[in-house]
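Visitor: Chains as they are written, first to last, in the numbering used here: chain A, 294 to 618; chain B, 16 to 431.
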Amino acid sequence: MGTRALRAVSFPLVSETTGPRRALDSRDPRLYQIGALSALLGYGMTALSFDVTPARAALLLGSALATQYACTRIWRLPSFEPKSALISGLSLCLLLRTNDASLAVGAAALAVGSKFLLRWNGKHVFNPTTFGLAAVILATRRAWVSPGQWGAPAFFGFLVACLGGLVVLRAARADVTLAFLGGYAGLLLARSAWLGEPLAIPLHRLQSGALLLFSFFMISDPKTTPDTREGRILFGLLVAFGAAFVQFRLFRPSGPIWALFALSPLTPLLDRILPGRRYDWAFPKGVSDETRASVPGLLPVALRGEPSGPPVLRVLRGEGRREAL
Amino acid sequence: MAKGDARLFNRASQVVLVRDGDRTVMTLANDFRGDPKEFAVVVPVPTFLTRGQIHAGERSLVEHLDAYTAPRLVEYFDPDPCQAAAYLKDAISMQAVTVSAEAPLASPARAKSLGVTIEAQYTVGEYDILILSAKESDGLETWLRENGYRIPSGASRVLDGYVKQKMRFFVAKVNLQEKARLGFSYLRPLQVAYESPKFMLPIRLGMANADGPQELFVYALTRRGRVETTNYRTVRLPSDQEIPLYVKEQFGDFYKALFSEQVRRERMESVFLEYAWDMGWCDPCAADPLAREELKALGVFWLDDPADARRGGGSNAFVTRLHVRYNEAHFPEDLVFQETADRQNFQGRYVLRHPFTGDLSCEAGERYRNDVARRHEQEAQNLATLTGWSLGMVRSKMKLDPPPDSKKWWERIWGK
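1. Let me know the beta strand (DSSP E) ranges lying completely inside the segment 198 to 266 of chain B, each 3 residues or longer, listed in chain order.
2. How is the beta strand (DSSP E) around residue 551 (chain A) delimited, first residue to last?
3. So if DSSP puts residue 378 (chain A) in a beta bridge, which residue, or which two residues, is it bridged to?
4. Quick one: residues in its chain with C-beta nearer than 7 Å to the C-beta of residue 384 (chain B), no 5 flanking neighbours on either side, listed in chain order?
5. Out of curiosity, what's the CA-to-CA distance linking residue 534 (chain A) and residue 552 (chain A)?
6. With C-beta atoms as the reference, is residue 235 (chain B) less than 8 Å away from residue 32 (chain B)?
7. Am I right that residue 342 (chain B) and residue 222 (chain B) are in contact with their C-beta atoms under 8 Å? What's the rounded C-beta distance?
8. Taking Cβ-Cβ distances shorter than 8 Å, what residues in chain A pair up with residue 285 (chain B)?
9. Looking at the secondary structure, which residues open and close the alpha helix (DSSP H) in which residue 133 (chain B) lies?
10. Of the residues A:348, A:515, A:322, which one's Cα is nearest the Cα of residue 468 (chain A)?
11. Closer than 9 Å by beta-carbon distance: list the chain A residues that pair up with residue 249 (chain B), in chain order.
12. I think residue 495 (chain A) touches residue 508 (chain A), with their Cβ atoms under 8 Å apart; what is that distance to the nearest whole Å?
13. From what residue to what residue does the beta strand (DSSP E) around residue 369 (chain B) run?
14. Would you check if there are 3 or more beta carbon pairs closer than 8 Å linking the segment 414 to 429 of chain A to the segment 553 to 571 of chain A?
15. Measuring CB to CB, does residue 61 (chain B) end up less than 8 Å from residue 213 (chain B)?
16. Give the range of the alpha helix (DSSP H) segment to which residue 486 (chain A) is assigned.
17. Excluding sequence positions up to five away, which residues of its chain have a Cβ less than 8 Å from the Cβ of residue 437 (chain A)?
18. Got a sec? Which residues, its chain only, sit under 7 Å from residue 479 (chain A) by beta carbon, not counting five neighbours each side?
19. If distances are taken between C-alpha atoms only, which option among A:558, A:360, A:506 comes closest to residue 439 (chain A)?
20. Who are the neighbours of residue 213 (chain B) on chain A, taking C-beta pairs under 7 Å?
21. For residue 631 (chain A), I'd like the list of residues in its chain whose CB is within less than 7 Å of its CB, leaving aside the five on either flank, ordered along the chain.
22. Among B:394, B:410, B:63, B:380, which one has its Cα closest to the Cα of residue 181 (chain B)?
23. List the residues of chain A that residue 277 (chain B) touches, going by C-beta distances under 7 Å, in chain order.
24. If residue 332 (chain B) sits next to residue 294 (chain B), beta carbons under 8 Å apart, how far is it from one beta carbon to the other, in whole angstroms?
25. Over the uninterrupted alpha helix (DSSP H) stretch that includes residue 412 (chain B), give me the two end residues.
26. Hey, residue 441 (chain A) and residue 65 (chain B): beta-carbon distance below 8 Å or not?
27. Which residues of chain B have a Cβ atom closer than 7 Å to the Cβ of residue 400 (chain A), listed in chain order?
28. For residue 192 (chain B), count neighbouring Cβ atoms within 10 angstroms of its own Cβ and tell me buried if that reaches 16, exposed if not.
29. Within 10 Å of its beta-carbon, does residue 425 (chain B) have 16 or more other beta-carbons around it, so buried, or fewer, so exposed?
30. Residue 369 (chain B): buried (16+ other C-beta within 10 angstroms of its C-beta) or exposed?
31. Residue 584 (chain A) to residue 483 (chain A), Cα distance in whole Å?
32. Applying a beta-carbon distance threshold of less than 8 Å, which residues of chain B neighbour residue 487 (chain A)?
33. Quick check: what's the CA-CA separation for residue 227 (chain B) versus residue 405 (chain B)?
34. Comparing C-alpha positions only, which one of B:381, B:93, B:89, B:345 sits nearest to residue 500 (chain A)?
35. Using a C-beta cutoff of 8 Å, does residue 596 (chain A) count as contacting chain B?
36. Based on DSSP bridge pairs, tell me the residues matched to residue 29 (chain B).
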C-alpha cells in the first residue's frame, strides 16, 4: 500500500507544482465551486436553519485544511493547495450532521486523507466528501445526512442548478452529471408510471436540493470519475441505478450518496477498459500544446505518473481524445 | 386555569411509531365519535400480519404520550426588583387530539373474481380484521365498495401503487357483539407490529376523500434519537419566546394560530418538530414521562434487552413528536422517515413572565418599571409574529399604551 501510495502521488505534482503562479487563475473551476458551495451554506444556515452552527462549520473547514496541510508535509508536495480541501469541508458542512464534534473532525480528516491514501493508478478512488460521510456513518452510526433539509421550493432548485451548472461546465464534466440525472429521473418516472402514481410524485422527488447538490457538486468530481466520456456516462448511469436501488429496494435514504460510495471503486476498472486523458484542474478544457510547452516539468511528470503502458504513447493518445468542450 | 382543550384540531389523526432496526410497531389512535357500526379503517401495510401481530391497545397511552409531548406554557414570576431571584411556577400542558376513520362492513366470496384475496381474518378485541391482498386496484376498490366500505372515488388510483408494490391491506371494522361484551365505551387504538425496511406512513389514501387539509401527529419512539422526514423538510416549531400573560387564558387558540401561521410561512411544505426528548425525563414536564410498562404497551420492545438494561440514568427510548398539516397538492407522496443519531432535546415552550406588583419605590424599581414596559412591547411583537395576529389587537388585549414611536414624526414636531 505504502509504495503504491507514494508512487501514485506523483500525479498531483502535475497540477500543483506551479502553485503560486496559478493559485488565483480564474480558469480553475474550483474557485467557482467554492463560491457556489459557500453561497449554499450561507443560504442553508440562515433561511433554512440547517443544523450546523458557525462553530461547527469552522471546525469542519479547519479540520479539512489542517489534514490537507499535514498530508502536504508528509507526502512532501511542493506547495499547500487549499482549494480541494475547502470544497470537501464546505460539502461536509452542507451534508454531515452529528452531535459529536470529534466525529466532525474525523469525517473531515478521512475525507481529505482519503485523497492521499486510497489511490489507484494515480487517481484517488473516492470523492473525498462521499468517503468521509460514508466512513463516519457506517463506522459509528452517530452521524447522519438529512436529505429533506432543503425542502423543495422550485426557485431554490433553480438556483442550485444554475450555480452547479456553472461549476460543471467549467470543469468540463457535465456528461457524468447529465447521465446521472437523466438516468435517475428516467428511473423515477418509469417507476411512478408503473405504479400508476400521479406525476406530482416523481417530480416532488426530483425537486430536491439534496439531489441537485449531489449531481452538480459530488458525482461531477473530475478527479474521481472515469477519464473518458463513454466511461463517465456509463458511470453516471450505474450510480443512477444504484441510487434507485438503495431508495426503492433497500428503502434507505440518501441513495445517491451510498451508490456513489459503493460504485467508486469501479472507476479504475472503467479507466482500464476505456483509457483516456487524465483530468487536470489547471486545464479544465484540455491541455493545448502551447500550455504544455509553457509549463515546465509537466511532460516528465506525466510520464512518471503513468504506471502502465508506454507513457509517451499514452499522453499522445490522450491528446487525441481531447473533448469538444 | 389555562388548560388547552383536548379537541383543538379537527380531523386530526394520531399515530405512534415505535421503530428500531427494521421492526415497527404502529399504533393508530382514533377519536371516532359516531356510531361504531360506521367505523372502518383501511391501512396499507408492507407485510402480511398474523393474529399475534395485531393488538387493541389502551387509549390512555396515546393520550399520555400526547400530553407529555405537547407544547407547553411556563410561568415565571419576577422577583421584587428591590430584592432578587426568579423561579418557575408550573407548566401547563396543551394537548392536541384525534379523529380518524371512514366507512362500514365486509364479507368474502366474490373476492376471488375481483382478484382480491382475503389472506386472513381475525377478531382482535372489539375489531374484525381482514388482511387483504389484491391483483389490481379496481378489483380492490369494487370489493371494498360492495362490502360497504365507503371508499372515496379517487381511491383506486391511490390503491394502485400499493397493490403493485405488493403491500397488504389491513382492514378493520367494529364487531358490535365483541364491543358490547368487552364493555368499552370507546374504540381502542389498533396496534400492528411488523418487520420491514420501509419506515413510512401512507397518507395518500386519507387524502383521496379529504375535503380540506388533514392534520396528523406522529409520535416516534426510537432507541437512537430524533426522527425526521427524508422527503419533506422537518422544521422546528418556533419556541422559547416570551408572550403576553393573557395567552394563559387561551393557550389553545394560541397554539392553533401559531401552528397555522407557521404552516403558512413554510407554504404548507414542511413537517414540524414539536418535541424531541429522552423519555427518561422532562423539564418542565407537561405530563409525567411514560412509565416503563406504558412504553412496553406502546410497543417499545427493546427495554428488556440486556445491553440496554445496563445503561443507567436516562431511558432507552427517545420520543419525537411531529405535526403536519397536509393536502394532496403540497404533500404528493407518503411520508418517509429516518431515525437520526440526534439526541438533543427540543420542546415547544412559551414563557409567561409575571411582573412584580409590590412596592417599587426604590431606584432599581424605577428602572424595572421601564424594563417591564419594554418587555411588554416585545411580548406583543413576539405574539403577533408567532401567530399572525394583528399587533394592534394584541396590544389592546394587553391594555398597552400605544408605544411612543407609533406617532408619526411630524406629529411629534408640533405636539399631537
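Ideal Cβ placement from N, Cα and C applies to all residues, glycine included. Since we're looking at a predicted model, the values are computed, not measured.
Guide: Judging by the given coordinates:
1. Annotation note: the segment 198 to 266 of chain B contains the following uninterrupted beta strand (DSSP E) runs of length 3 or greater, listed N- to C-terminal: 205 to 210, 229 to 237, 242 to 244, 248 to 251.
2. In the first sequence, counting from the first residue as 1, residue 551 (chain A) sits at position 258. Counting along the chain, residue 551 (chain A) sits inside no beta strand (DSSP E); it lies in the alpha helix (DSSP H) bounded by residues 548 to 556.
3. By one-based count along the first sequence, residue 378 (chain A) stands at place 85. The partner list for residue 378 (chain A) (beta bridge, DSSP) is empty, contrary to what the question assumes.
4. Within the second sequence, residue 384 (chain B) is the residue found at index 369, counting from 1. Same-chain partners within the cutoff: 375.
5. Here residue 534 (chain A) corresponds to residue number 241 of the first sequence, with the count starting at 1. Here residue 552 (chain A) corresponds to residue number 259 of the first sequence, with the count starting at 1. Using only the alpha carbons, I get a separation of about 8 Å.
6. In the second sequence, the residue the question calls residue 235 (chain B) occupies position 220. In the second sequence, the residue the question calls residue 32 (chain B) occupies position 17. Their beta carbons are under 8 Å apart, which means residue 235 (chain B) touches residue 32 (chain B) by this criterion.
7. What you label residue 342 (chain B) is simply residue 327 of the second sequence in a count that begins at 1. What you label residue 222 (chain B) is simply residue 207 of the second sequence in a count that begins at 1. Separation of the CB atoms of residue 342 (chain B) and residue 222 (chain B) is rounded to 6 Å, and the pair is thereby assigned contact status at 8 Å.
8. The residue you call residue 285 (chain B) lines up with position 270 of the second sequence. Residues of chain A passing the Cβ test: 444.
9. Numbered from its first residue, the second sequence carries residue 133 (chain B) at position 118. Residue 133 (chain B) -> not in any alpha helix (DSSP H); beta strand (DSSP E) instead, spanning 131 to 139.
10. Position 175 of the first sequence, counted from the first residue, corresponds to residue 468 (chain A). If we check each option's Cα against that of residue 468 (chain A), A:515 comes out closest.
11. Within the second sequence, residue 249 (chain B) is the residue found at index 234, counting from 1. Within chain A, the residues near residue 249 (chain B) are 439, 441, 442.
12. Indexing the first sequence from 1 puts residue 495 (chain A) at position 202. Indexing the first sequence from 1 puts residue 508 (chain A) at position 215. In fact, because the Cβ distance is near 16 Å, the residues do not count as touching under 8 Å.
13. Residue numbering aside, residue 369 (chain B) sits at position 354 when the second sequence is read from its first letter. Start and end: 364 to 369.
14. Judged by pairs of C-beta atoms under 8 Å, the segment 414 to 429 of chain A touches the segment 553 to 571 of chain A, as three or more such pairs exist.
15. Indexing the second sequence from 1 puts residue 61 (chain B) at position 46. Indexing the second sequence from 1 puts residue 213 (chain B) at position 198. Yes, the Cβ-Cβ distance between residue 61 (chain B) and residue 213 (chain B) is below 8 Å.
16. Taking the first residue of the first sequence as position 1, residue 486 (chain A) is located at position 193. Residue range 467 to 488 is occupied by the alpha helix (DSSP H) that includes residue 486 (chain A).
17. Numbered from 1 along the first sequence, position 144 holds the residue referred to as residue 437 (chain A). Contacts found: 390, 391, 430.
18. In the first sequence, residue 479 (chain A) corresponds to position 186, counting from 1. Answer for residue 479 (chain A): no residue qualifies.
19. Position 146 of the first sequence holds residue 439 (chain A). Check the Cα spacing between residue 439 (chain A) and each of A:558, A:360, A:506: the tightest is with A:506.
20. Looking up residue 213 (chain B) in the second sequence gives position 198. By Cβ distance, chain A contributes 544.
21. With chain A covering only 294 through 618, there is no way to say anything about residue 631 (chain A).
22. Against the second sequence, residue 181 (chain B) aligns to sequence position 166. Cα-wise, what sits closest to residue 181 (chain B) is B:63.
23. Looking up residue 277 (chain B) in the second sequence gives position 262. Those within 7 Å of residue 277 (chain B) in chain A number zero; the least Cβ separation is about 13 Å.
24. To locate residue 332 (chain B), count along the second sequence from 1; it is residue 317. To locate residue 294 (chain B), count along the second sequence from 1; it is residue 279. Yes, they are in contact, since the Cβ atoms of residue 332 (chain B) and residue 294 (chain B) sit about 4 Å apart, within 8 Å.
25. The residue given as residue 412 (chain B) occupies position 397 in the second sequence. Run containing residue 412 (chain B): 406 to 413, per the alpha helix (DSSP H) assignment.
26. For the purposes of this step, residue 441 (chain A) is taken as residue 148 along the first sequence, with counting starting at 1. For the purposes of this step, residue 65 (chain B) is taken as residue 50 along the second sequence, with counting starting at 1. Contact: no.
27. For the purposes of this step, residue 400 (chain A) is taken as residue 107 along the first sequence, with counting starting at 1. Under the 7 Å cutoff, chain B gives no residues; its nearest Cβ is about 13 Å from residue 400 (chain A).
28. The residue you call residue 192 (chain B) lines up with position 177 of the second sequence. It counts as exposed.
29. Here residue 425 (chain B) refers to the residue found at position 410 of the second sequence. Under a 10 Å Cβ-count criterion, residue 425 (chain B) is classified as exposed, with fewer than 16 other Cβ atoms of the shown protein chains found around its own Cβ.
30. Within the second sequence, residue 369 (chain B) is the residue found at index 354, counting from 1. When all chains shown are included, residue 369 (chain B) counts as exposed.
31. On the first sequence, position 291 is the one that residue 584 (chain A) refers to. On the first sequence, position 190 is the one that residue 483 (chain A) refers to. With a pLDDT of 40 at residue 584 (chain A), under the threshold of 50, the predicted position of this residue should be treated as unreliable, though the coordinate-derived value follows. Going by C-alpha positions, residue 584 (chain A) is about 47 Å away from residue 483 (chain A).
32. Here the question's residue 487 (chain A) lines up with position 194 in the first sequence. Near residue 487 (chain A) (Cβ distances below 8 Å), the residues of chain B are 179.
33. By one-based count along the second sequence, residue 227 (chain B) stands at place 212. By one-based count along the second sequence, residue 405 (chain B) stands at place 390. Roughly 25 Å separates the two Cα atoms.
34. Residue numbering aside, residue 500 (chain A) sits at position 207 when the first sequence is read from its first letter. Nearest C-alpha to residue 500 (chain A) among B:381, B:93, B:89, B:345: B:345.
35. Residue mapping note: residue 596 (chain A) aligns to position 303 of the first sequence, counting from 1. Per-residue confidence for residue 596 (chain A) stands at a pLDDT of 34, beneath the threshold of 50, marking its modelled position as unreliable; no derived number is given.
36. Taking the first residue of the second sequence as position 1, residue 29 (chain B) is located at position 14. Answer by DSSP bridge pairing, in chain order: B:44, B:232.
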